[in-house]
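Just so we're aligned, residue 1 is where the sequence shown starts under my numbering, counting upward by one. Heads up, the beta-carbon is just placed ideally off N, CA and C, and yes, glycines get one too. The structure under discussion appears below in the form of structure tokens.
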Amino acid sequence: MLLSNICLFYWQQNLVNILNDKNEIFGRYNDELFFTWNKSEQRLQDILHVANQQWLTLQMRLCLSSSIHYLDIILSHTSGQFKAQVALHSETEHYSLPYVFGHSVQSYVKLFQAALLRIARCYTDINQFAEALGIIQLSFRYNGFDDQFIGDQIQIFLNNFKVPDLKVHCGKHFYKQPRYDRLHYNVTKHYQKKRREKIKLRRYRKTLKHQCQSSFMKFVSTASC
């Protein structure tokens, strides 16, 4: 996996440069990548053919569509609008939860908050966010949680991200896109901060492990003399 990721990194360089020049969107996670393209399919095939000739060991499968399932979201382009939405697994019920019985209330609190974080990161439009929020509310109601629990969790979430007066569960006539823009910004900023902290922690653990191994080897070497 590591070797293929390294090869793919170098494979994608020319493609990324072309996409940047044309103001296209590009994303990659491990061996899955996606990008937007507004030129002819033949031009794209020619670019990929040149890239494949340079890296014969990489077999890239191309899929063209106005809508794709990428990781846990669905990306689509309709009537000039780029849209992202949370993907629901077709093999499970829309209103099912990963667990229902035998867990503490705090577990469900974390689950609810995580679901809110996910949709707030995914959607930039308050109407789409409210629609996804409705599915979350129905999911918890379906599994026995009352409106008090649900309402409290939504308000806690809004308070935590500095938009306590945002009305997203009171009807469309209460929706305020500028207020939601602030929520989306705050949630995205929070996510990026947490991600940097995780990366920093992984690096620290890796460095600590290396230091411990080096110290052990020195000890073994000294003891054997």
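query	result
Apply the 10 Å Cβ neighbour rule to residue 210 and answer buried if 16 or more other Cβ atoms are within range, or exposed otherwise.	exposed
Nearest by alpha-carbon distance to residue 54: which of 61, 7, 80, 73 is it?	7
On the DSSP bridge assignment, give the partners of residue 78 in chain order.	81
Can you give me the C-alpha to C-alpha distance between residue 74 and residue 212, rounded to a whole angstrom?	44 Å
Just to confirm the assignment, what range does the alpha helix (DSSP H) spanning residue 129 have?	126–142
Can you check whether the CB of residue 184 is closer than 9 Å to the CB of residue 118?	no
Check each candidate in 115, 129, 189, 154 and name the one with the smallest Cα separation from residue 172.	129
Please state if the CB of residue 71 and the CB of residue 29 are separated by a distance shorter than 9 Å.	yes
Flag this pair as yes or no: are the beta carbons of residue 150 and residue 174 separated by less than 9 Å?	no
Is it buried or exposed for residue 204, if we count other Cβ within 10 angstroms and need 16 for buried?	exposed
If we ignore side chains and look at the alpha-carbon of each, how far apart do residue 25 and residue 81 end up?	13 Å
Starting from residue 237, follow the beta strand (DSSP E) in both directions and report where the run begins and ends.	Within the shown structure, residues of the chain are numbered from 1 to 225, placing residue 237 beyond reach of any answer.
Please state whether the Cβ-Cβ distance between residue 14 and residue 31 is less than 9 Å.	no
What number of angstroms, rounded off, separates the C-alpha of residue 69 from the C-alpha of residue 104?	33 Å
Between which two residues does the alpha helix (DSSP H) holding residue 33 run?	No alpha helix (DSSP H) contains residue 33, which is instead part of the beta strand (DSSP E) from 32–35.
Is residue 52 near the ligand ATP, in the sense that its beta carbon is under 8 Å from a heavy atom of that ligand?	With respect to the ligand ATP, the structure shown offers nothing to examine, as it has no ligands at all.
Rounded to the nearest angstrom, what separates residue 147 and residue 187 at their Cα positions?	24 Å
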